[in-house]
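Engineer: Take a look at this one; I'll ask things after.
Residue numbers (my numbering), protein chains in the order written: chain A, 2 to 80; chain B, -19 to 574.
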């Protein structure tokens, strides 16, 4: 597991504590019942805390999957 | 999470790291021991309350390890309405995060209502009316549960077009209304006002506001500010029990200089002597003493010399404020042991202050529970942090009569012990005390001293259970409830209100659920007199007890054993009590107002 995945998995683990760890990489807003608007604010806060204020809240609100978040972070880290 | 300088090594860190969101969620999700009680709190906050609620939840959990915490939050956008509609029943406390836009939406960034000077008079009138509505709601809630109130902590929008360095009329008038509102609210017994100064320290104003998140989500607080607000609100809603006693060193602590080297005239504690922080420390101790904190001295010194130095008339604290004074060349841990015995309090209720890391280590090794703090001799820059730590440890919201007479009663207890040793037998000794007991039977939930006794007393304690204020009021509101309080005085001085019994009447019987007595009142047969008063005032034949052994309630256990009260079936009949009760020689005054 890459460093980015390890950090992001840790974030998803506390944002969605009922989610099985093996299911985290494939997690989507549709597949995780707890992923509502409140959880989205929490997820955005956790990402900001870990990686800094690199995303607009509007952008974070559009994240619909683990893959979305990972892609956005990877682009930011490569930039 | 921790008060600064909470260390056993005496090291200071004035600004502890704030709890992170990640840590807060981990704390909330962590498996916990089976909760002995549940506590619900209400968070009134008109923005999206996600982060403030998470941090308040986590900080309350950090402070109340054995409690299951639930936080309800108000709906978005209507703080005042939520407060007006809130039924406080079932809540342990209410936290209010007030912001300017709660008083007038034009004072926020999400509404476009106009910043024209023509609107200022109307804005002020609206704000004033808003404060009045909130104050009425706060008054109603605070009569039932503790209310923690935070004044607006986010910046005003640039509604007045001035150079940023200059405050104009509207800004000063708004702050004037806010402080007047705060002063009126803080004067109410149930209201705990969050200190803006402490919030500034933990969360500097420039780092509080997140306009991006406010516009996108209605969530204006940065994570660090939400964490600071959660921490301080939790401290107001679940305050730690203050410490009871402080043991201080003398040389290079209470004053600057080594007494044995400089002599009495050579010690310094003033500005011109370059020793101002020692004078400030004396002032601080004098203020602690006035608030009922016990003070003692543990110093490696010549005892006669120490006594003479403490008697210097220009010292900012009187020598009589310290009792006992342990000045000799033995180990400081031995001094501390004797002081604890004289005070009859546990080490975890005591702080030890010394400039020497070696002495701190020696005391800490024998008494790991004592809070040790290094005096910052020669480091005035660290002195504010030092005082801040002592405020954390000893701060309490109000001073009662018992606080004022506590030190006097400790001296009286020592004199009593000396007299007991000198007397031929305990009966004649007790008879010589000229003891006076006052019993008061009531259902008065306003008796904060009785509640304080229940929540502070460990040794003579029926079951170790604690009570929060809502539960206290609920128990006393029951039609058969009674509260018996006991005050004591003898020829050595008054002890004040030293015992409380809370229970319910039954037909010809009483069921006691709480019984506590201050350790300052031991060895005077007050507990016997209390039972006799209960039988007489309630006109009953049997008393049962909700007894539970704890690690520290051996004194109560021994009392029960002497009366033949079985731990398995803790009750006693009046006839059994009278057959086993020793001679009581107190003068009794009784009053019943149930």
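Here a beta-carbon is modelled for each residue, glycine too, at the ideal position from N, C-alpha and C.
Note that this is a predicted model, so its numbers are computed, not measured.
Does the Cβ-Cβ distance between residue 225 of chain B and residue 274 of chain B come in under 8 angstroms?
Structural biologist: Closer than 8 angstroms, so yes.
Engineer: Taking residue 49 of chain A as the query, report the chain B residues whose CB atoms sit under 8 angstroms from its CB, ordered along the chain.
Structural biologist: Those are 203, listed as they occur along chain B.
Engineer: For the alpha helix (DSSP H) holding residue 568 of chain B, just list the boundary residues, first then last.
Structural biologist: Note, residue 568 of chain B: premise wrong, no alpha helix (DSSP H); beta strand (DSSP E) at 567 to 572.
Engineer: Within the 8 angstroms Cβ cut-off, does residue -1 of chain B reach chain A?
Structural biologist: Residue -1 of chain B does not count as touching chain A.
Engineer: Compare the beta carbon distance of residue 66 of chain A and residue 29 of chain A with 8 angstroms and say whether it is the shorter of the two.
Structural biologist: Their beta carbons are under 8 angstroms apart, which means residue 66 of chain A touches residue 29 of chain A by this criterion.
Engineer: Measuring only between beta-carbons, confirm whether residue -7 of chain B sits less than 8 angstroms from chain A.
Structural biologist: Only weak support is given to the placement of residue -7 of chain B: the predicted model assigns it a pLDDT of 45, under 50, and the question is left unresolved by the model.
Engineer: Please determine, among B:111, B:134, B:223, B:302, the residue with the shortest C-alpha to C-alpha distance to residue 351 of chain B.
Structural biologist: Of B:111, B:134, B:223, B:302, the residue nearest in Cα terms is B:223.
Engineer: Does the distance from the C-beta atom of residue 343 of chain B to that of residue 355 of chain B stay below 8 angstroms?
Structural biologist: No, the Cβ-Cβ distance between residue 343 of chain B and residue 355 of chain B is not below 8 angstroms.
Engineer: Could you name the residues that DSSP lists as bridge partners for residue 441 of chain B?
Structural biologist: B:496, per the DSSP bridge assignment.
Engineer: Which chain B residues sit within Cβ distance under 9 angstroms of residue 57 of chain A?
Structural biologist: Residues of chain B passing the Cβ test: 192, 196.
Engineer: Within the continuous beta strand (DSSP E) that includes residue 419 of chain B, where are the two ends?
Structural biologist: Here the beta strand (DSSP E) through residue 419 of chain B covers 416 to 422.
Engineer: Residue 10 of chain A touches chain B at which residues, Cβ-Cβ below 9 angstroms?
Structural biologist: What residue 10 of chain A touches in chain B: nothing, since even the nearest Cβ is about 13 angstroms away.
Engineer: Run through chain A and tell me which residues come within less than 7 angstroms of residue 28 of chain B, C-beta to C-beta.
Structural biologist: Residues of chain A passing the Cβ test: 42.
Engineer: Starting from the C-beta of residue 26 of chain A, find all residues in its chain whose C-beta is less than 6 angstroms away, skip the five residues before and the five after it, and write them out in chain order.
Structural biologist: So the list reads 67, once near-sequence residues are dropped.
Engineer: Kindly list, in the order they appear in chain A, the residues whose Cβ is closer than 8 angstroms to that of residue 9 of chain B.
Structural biologist: Neighbours of residue 9 of chain B on chain A, chain order: 15, 18.
Engineer: Tell me the residue span of the beta strand (DSSP E) that contains residue 277 of chain B.
Structural biologist: Residues 274 to 280.
Engineer: In this structure, how does DSSP classify residue 261 of chain B when only helix, strand and coil are distinguished?
Structural biologist: Here residue 261 of chain B sits in helix by DSSP.
Engineer: Could you tell me which whole alpha helix (DSSP H) segments of length 4 or greater appear in the stretch 477 to 532 of chain B?
Structural biologist: The qualifying runs are 506 to 518.
Engineer: Nearest CA to the CA of residue 65 of chain B: which residue from B:91, B:120, B:442?
Structural biologist: The candidate whose alpha carbon is nearest that of residue 65 of chain B is B:120.
Engineer: According to DSSP, simplified to helix, strand and coil, what is residue 44 of chain B?
Structural biologist: Coil, per DSSP.
Engineer: From which residue to which residue does the alpha helix (DSSP H) around residue 57 of chain B run?
Structural biologist: Per DSSP, residue 57 of chain B belongs to no alpha helix (DSSP H) and is neither H nor E.
Engineer: Compute the Euclidean distance between the alpha carbons of residue 110 of chain B and residue 132 of chain B, then round it to the nearest angstrom.
Structural biologist: Near 13 angstroms, if we compare the C-alpha coordinates of residue 132 of chain B and residue 110 of chain B.
Engineer: Kindly say whether residue 23 of chain B, judged by its beta-carbon, lies nearer than 8 angstroms to any beta-carbon of chain A.
Structural biologist: Closer than 8 angstroms: no.
Engineer: Kindly indicate if chain B contains any beta-carbon less than 8 angstroms away from that of residue 69 of chain A.
Structural biologist: It does not; no Cβ of chain B falls within 8 angstroms.
Engineer: Just list the residues that DSSP pairs residue 308 of chain B with in beta bridges.
Structural biologist: Answer is B:280, bridged to residue 308 of chain B.
Engineer: Relative to the alpha-carbon of residue 198 of chain B, which residue among A:12, A:63, A:79, A:58 has its alpha-carbon at the smallest distance?
Structural biologist: Minimum Cα distance to residue 198 of chain B is reached at A:58.
Engineer: Taking CB distances under 8 angstroms as the criterion, tell me whether residue 53 of chain A reaches chain B.
Structural biologist: No, its Cβ sits nowhere closer than 8 angstroms to a Cβ of chain B.
Engineer: Contact between the stretch 420 to 439 of chain B and the stretch 367 to 382 of chain B: three or more CB pairs below 8 angstroms?
Structural biologist: These segments touch.
Engineer: Report the start-end ranges of each alpha helix (DSSP H) in the stretch 145 to 181 of chain B that is 4 residues or longer and not cut off at the edges.
Structural biologist: If we require 4 residues or more, the alpha helix (DSSP H) runs fully inside the stretch 145 to 181 of chain B come out as 149 to 166.
Engineer: For residue -3 of chain B, which of helix, strand or coil comes out of DSSP?
Structural biologist: Here residue -3 of chain B sits in coil by DSSP.
Engineer: Would DSSP call residue -8 of chain B helix, strand or coil?
Structural biologist: Caution applies to residue -8 of chain B, whose pLDDT of 40 falls short of 50 and renders its modelled position unreliable; the value that the coordinates give is listed next. In this structure, residue -8 of chain B counts as coil in the three-state DSSP scheme.
Engineer: In the DSSP assignment, the beta strand (DSSP E) including residue 113 of chain B goes from what residue to what residue?
Structural biologist: Careful: residue 113 of chain B lies outside any beta strand (DSSP E), inside the alpha helix (DSSP H) at 100 to 122.
Engineer: Going by DSSP in three states, residue 547 of chain B sits in which element: helix, strand or coil?
Structural biologist: Of the three classes helix, strand and coil, the one that applies to residue 547 of chain B here is coil, per DSSP.
Engineer: Nearest-angstrom Cα distance between residue 128 of chain B and residue 252 of chain B?
Structural biologist: Using only the alpha carbons, I get a separation of about 43 angstroms.
Engineer: One question on the structure: do residue 470 of chain B and residue 433 of chain B come within less than 8 angstroms of each other, judged by their Cβ atoms?
Structural biologist: In this structure, residue 433 of chain B does not lie closer than 8 angstroms to residue 470 of chain B by Cβ.
Engineer: Can you look up residue 347 of chain B in the DSSP assignment and give me helix, strand or coil?
Structural biologist: In this structure, residue 347 of chain B counts as coil in the three-state DSSP scheme.
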